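Working notes, structure below.
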Amino acid sequence: MIEVDEVCKSFTVRRRSGRLRRSRTLVGAVDRISFTVAAGEFVGYLGPNGAGKSTTIKMLTGILTPTSGRVRVSGLDPSRQRTALARRIGVVFGQRTTLWWDLPLRDSLTLVRHLYRVERSTHQARLAELTELLELGAFLDTPVRQLSLGQRMRGDLAAALVHDPELLVLDEPTIGLDVISKATVRAFLTRLNTERGTTILLTTHDLGDVERLCRRVMVIDHGRLAYDGSLPRLRAALDADRILIVDLARAAPPIEVDGARVVRTDGPRQWLAIPPSGNAAAVVAAVAARHEVEDISLREPGIEDLITRLYGGGVPADR
Amino acid sequence: MVEAVRIYLLLAGTWMRSAAQYPASMVMLLATQAVATFLDAAAILIVFAHTPRLGGFSLPEVMFLYATSGISVAVADITLGTVERLGEHIRHGTLDTLLLRPVGPLLQIATEDFNPRRMGKLVPTAVMLVVSLRHLDLHWTLARAATLPLMLAGGVGIFWALWVLAAAWQFAVVDGKQAANSITYGGAYVTQYPLSIFGRDALRGLTWVLPLAFVNWEPALYVLGRPDPLGLPVFFRFASPLVAAVLAVLAALAWRTGLRHYQSTGS
Ligand SMILES: Nc1ncnc2c1ncn2[C@@H]1O[C@H](COP(=O)(O)OP(=O)(O)OP(=O)(O)O)[C@@H](O)[C@H]1O
Ligand SMILES: [Mg+2]
Numbered sequence: 000m001i002e003v004d005e006v007c008k009s010f011t012v013r014r015r016s017g018r019l020r021r022s023r024t025l026v027g028a029v030d031r032i033s034f035t036v037a038a039g040e041f042v043g044y045l046g047p048n049g050a051g052k053s054t055t056i057k058m059l060t061g062i063l064t065p066t067s068g069r070v071r072v073s074g075l076d077p078s079r080q081r082t083a084l085a086r087r088i089g090v091v092f093g094q095r096t097t098l099w100w101d102l103p104l105r106d107s108l109t110l111v112r113h114l115y116r117v118e119r120s121t122h123q124a125r126l127a128e129l130t131e132l133l134e135l136g137a138f139l140d141t142p143v144r145q146l147s148l149g150q151r152m153r154g155d156l157a158a159a160l161v162h163d164p165e166l167l168v169l170d171e172p173t174i175g176l177d178v179i180s181k182a183t184v185r186a187f188l189t190r191l192n193t194e195r196g197t198t199i200l201l202t203t204h205d206l207g208d209v210e211r212l213c214r215r216v217m218v219i220d221h222g223r224l225a226y227d228g229s230l231p232r233l234r235a236a237l238d239a240d241r242i243l244i245v246d247l248a249r250a251a252p253p254i255e256v257d258g259a260r261v262v263r264t265d266g267p268r269q270w271l272a273i274p275p276s277g278n279a280a281a282v283v284a285a286v287a288a289r290h291e292v293e294d295i296s297l298r299e300p301g302i303e304d305l306i307t308r309l310y311g312g313g314v315p316a317d318r
Numbered sequence: 000m001v002e003a004v005r006i007y008l009l010l011a012g013t014w015m016r017s018a019a020q021y022p023a024s025m026v027m028l029l030a031t032q033a034v035a036t037f038l039d040a041a042a043i044l045i046v047f048a049h050t051p052r053l054g055g056f057s058l059p060e061v062m063f064l065y066a067t068s069g070i071s072v073a074v075a076d077i078t079l080g081t082v083e084r085l086g087e088h089i090r091h092g093t094l095d096t097l098l099l100r101p102v103g104p105l106l107q108i109a110t111e112d113f114n115p116r117r118m119g120k121l122v123p124t125a126v127m128l129v130v131s132l133r134h135l136d137l138h139w140t141l142a143r144a145a146t147l148p149l150m151l152a153g154g155v156g157i158f159w160a161l162w163v164l165a166a167a168w169q170f171a172v173v174d175g176k177q178a179a180n181s182i183t184y185g186g187a188y189v190t191q192y193p194l195s196i197f198g199r200d201a202l203r204g205l206t207w208v209l210p211l212a213f214v215n216w217e218p219a220l221y222v223l224g225r226p227d228p229l230g231l232p233v234f235f236r237f238a239s240p241l242v243a244a245v246l247a248v249l250a251a252l253a254w255r256t257g258l259r260h261y262q263s264t265g266s
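Protein chains in written order, with numbering that gives the first Met the number 0: chain A, 0 to 318; chain B, 0 to 266.
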C-alpha cells in the first residue's frame, strides 16, 4: 500500500543576513527513511515535535515532492499523480479543515461527493453510516465555522471517507479532543480498520491512541526512523524502567533498597529506577520504612523518554 | 476538459448558493461595482470635452477600445480573478488542503467565493460596446464582424494567462502580490486607451515584451480600418488567439513548476 525508499526532504529557508542580503540554507526534515505498509495495517507514526512526521505525510499525499528517494502509494507516485491518488486515499490534518467554512456540514459532504464522483445512492447509505458512527446527526446542518473542534474533526473524518478510500492518513486526529470525542474517534477507526479493511497511518502525541489502536508503530526522530516494530515490543521498552522520585527530609547517601537502584541524586531528591518485573509498592514501603520521606512520586516513562532511549540505540528495530 | 468545466460549474454554483444567503449585500456590491465602472468610463467624456481626438482616435473609437478591453478583463476576472489569492493560501497553509482533493488547485481557487457581483464590470462595458458600435461609421464585412469575437476571446485568453503567470510568481515570492498586480491591473488599465498615446517605444514594448497590444489594439486597428503605427504586417491583426495560446503554455509551465517546488508550511 505504501512504499517509501530512502526518502529525503530538505527545505530551502531564506534568512535575512544583513541589510539586503539574503542567504539560503537547507534544512533537513526527513533523512533517508525507508518503510513499507501493507494493506490492512494500522500503523502509528510517532516522534517528538519537529521530527518530520507531517513532512513525511505531505510526501505520501503528494503535497510535497521528495528531495530524493522513491515514494509509492497505492501504486502511484504521489507528487506526479496527485489527483489520481486523491481519489484513492483519505487524508485528515487535525490542525486544518478541508471542509468549506461557510457551508453546512451536509453541503460540504455533498460537494465532496460530487468532486469524487460518488453515486448518489452509495453516498446516502455511506452518509447514514458515517452519521451514526461518528454521531454527526446533531450538527449536520450547521455551518462548518460554527462547529466545535471535536465536531469539526468528526466532520473532517467523514469528508475524508465519503469516497471509501483504501488508505486513510491522519495527522494528529485527536489533538484537542475531549475524552468522549476521542473515544468515539478511536472506536470508529478501529471499526474502519477491522471491518472495512481500510489501511490506516496516523501520527499522534497521545500514547492512548497508540495503545488502543496501532498494531505497529514507527518512531521518527530528527528525520530518521528510530524504531519500527510491533506494539508489544514498544510496550516492553516503555515499561523498561519506571522511575520513583523520592524527596527525603535531608540530603543522604544513595538509598539502598531491594528491587530498585538509584540512578541520580540531587540534594535531598533521589531518582530510583524500578525494572518492569519489580514491585513498586514494595519499594515505596521499604524506602519509607528506613528513611524520613517528605514526598514520593512514581513516573511512568513517557513517549519522549522512550524516543530518547531509542535514539541512543537502546532498542533495535525488529524489521 | 469537459470534466474541468463540470467541476468549475459545480464549485461556482456551490459558492453562489452560499452567497445567495445574503441577497441584499450581493445586489449592493453588484451595483457599486457597476457604478464605479461607469464613472471610470465617464473620464473619457471629460477628456473629449477638451480635445476632439485622443492619440488620433475619435470618441466612439476610444470607447470601442475601452469597451473591448473592459469586456475581456471582466470575463477573465469573473472566471479566474481569485487566483491572485494563491499567495494567501500559501502563507496560511490552506493550499495543502486544496492539494488533497482530486481537482486541480487552480480550479478550486478560481471558483472560490464565486459571486454574481463579479458581473458588475461586465454589464457597463457591454453597454459601452453596443453604444460605440452604433456611433462608429463602419462598413461591416464578414472579416470585420468575425474579428470582433476573435479579439474578445483572444483578450480573455491573454488576461487568463497573465493572471495565472502573476499568481505563479507568488510561488517564488510569497508576498509578490503587489508586483503581480501591477502587471495584471496595469495591463487592464493600459489596454483601455489607444496604445499610440504612450509613444512608439512603449508600443514596441507592449507588442514584443509584454504583448498587451494583442488584447485589443492590433485587432481593433483592423476593425476600425486604421493603419498600424509600427507598420507591422497584417497577420499581426489576427494574432491574438495565437499570442494567448503561447502565453497560456508559459503560464501552465510556470504554474506546474511552482507547484512542484511548493514547500508547504510547518506543522
Ligand atoms: N515549510 C517548511 N519550511 C521550512 N521548514 C519546515 C517546513 N515544514 C517543516 N519544516 C521543518 O522540518 C522539520 C520537520 O517538521 P514536521 O512538521 O515534519 O515535524 P512533525 O514531526 O510533524 O512535528 P510536530 O509533532 O510538531 O507536528 C522541522 O524542523 C520544521 O521546522
Ligand atoms: Mg506535525
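For glycine and all other residues, C-beta sits at the position ideal for the given N, C-alpha and C.
Keep in mind the model is a prediction, meaning the values are calculated, not measured.
By the C-beta criterion, the region 97 to 105 of chain B is judged not to be in contact with the region 28 to 39 of chain B, since fewer than 3 inter-stretch pairs fall below 8 Å.
Secondary structure note for A/ILE219: it is in no alpha helix (DSSP H), and the uninterrupted beta strand (DSSP E) holding it is 215 to 220.
Distance from the C-beta of A/LYS57 to the nearest heavy atom of ligand 2 is not below 7 Å. Short note on B/GLY265: C-beta closer than 7 Å to some heavy atom of ligand 1. The DSSP-derived three-state label of B/PRO148 is helix. In the structure shown, the three-state DSSP call for A/SER276 is coil. With a contact defined as Cβ atoms closer than 8 Å, B/VAL82 and B/ALA166 qualify at about 4 Å. Proximity of the region 242 to 254 of chain A to the region 267 to 279 of chain A meets the contact definition, three or more beta-carbon pairs being nearer than 8 Å.
Counting other Cβ atoms within 10 Å of its Cβ, A/ILE88 reaches 16 or more and is therefore classed as buried. Chain-ordered listing is empty here: chain B has no CB closer than 9 Å to the CB of A/GLY46, the nearest sitting near 14 Å. Per DSSP, the continuous alpha helix (DSSP H) segment holding B/TYR65 begins and ends at 58 to 79. Each residue's CA atom was taken as its position, placing B/ALA201 and A/LEU84 some 48 Å apart.
Per DSSP, B/TYR221 is one residue of the alpha helix (DSSP H) stretching across 216 to 222. Between the region 142 to 162 of chain A and the region 85 to 105 of chain A, the count of Cβ pairs shorter than 8 Å is three or higher; the stretches touch. Nearest neighbour of B/MET27 by Cα position, chosen from B/GLY69, B/MET118, B/THR50, turns out to be B/MET118.
With a threshold of 8 Å between beta carbons, B/SER195 makes no contact with chain A. CA-CA distance, A/LEU224 to B/GLY186, rounds to 52 Å. If you draw a straight line from the Cα of A/PHE34 to the Cα of A/THR198, it comes to about 15 Å. B/VAL102 reaches chain A at THR82, ALA85, LEU114, counting residues in chain order whose Cβ is nearer than 9 Å. When the alpha-carbon of A/PRO274 is set against those of A/LEU45, A/ALA235, A/LEU132, the nearest one is in A/ALA235. Two segments are said to touch when three or more pairs of C-beta atoms, one from each, lie closer than 8 Å; by this definition the region 6 to 24 of chain B does not touch the region 140 to 158 of chain B. Under a criterion of Cβ atoms nearer than 7 Å, no residue of chain A is adjacent to B/ILE89; the nearest Cβ is some 12 Å distant.
Taking C-beta separations shorter than 7 Å and ignoring five residues to either side along the sequence, the partners of B/VAL122 in its chain run ALA33, following chain order.
Taken through DSSP and simplified to helix, strand or coil, A/SER78 comes out as coil. In the structure shown, A/GLU118 adopts coil according to DSSP, grouped into three states.
Under a criterion of Cβ atoms nearer than 8 Å, no residue of chain B is adjacent to A/VAL143; the nearest Cβ is some 11 Å distant. Of the other Cβ atoms in all chains shown, fewer than 16 fall within 10 Å of the Cβ of A/GLU255; this residue is therefore exposed.
Judged by the Cβ position, A/LYS52 qualifies as a neighbour of ligand 2 at the 7 Å threshold, a heavy atom of the ligand being closer than this. Three or more beta-carbon pairs separated by less than 8 Å link the region 46 to 64 of chain A to the region 0 to 15 of chain A, which places the two stretches in contact. For B/SER17, the enclosing alpha helix (DSSP H) stretches over residues 1 to 18. Below 8 Å, enough C-beta pairs join the region 61 to 73 of chain B and the region 190 to 197 of chain B to call them touching: three or more. The alpha-carbon separation between A/VAL261 and A/ALA280 amounts to approximately 16 Å. Annotation: A/GLU2 is outside any alpha helix (DSSP H); the continuous beta strand (DSSP E) that includes it extends over 1 to 15. Considering only beta carbons, no part of the region 104 to 129 of chain B lies closer than 7 Å to chain A.
Under the Cβ criterion of 8 Å, A/VAL6 is not counted among the residues facing chain B. According to DSSP, B/VAL26 shares a beta bridge with no other residue.
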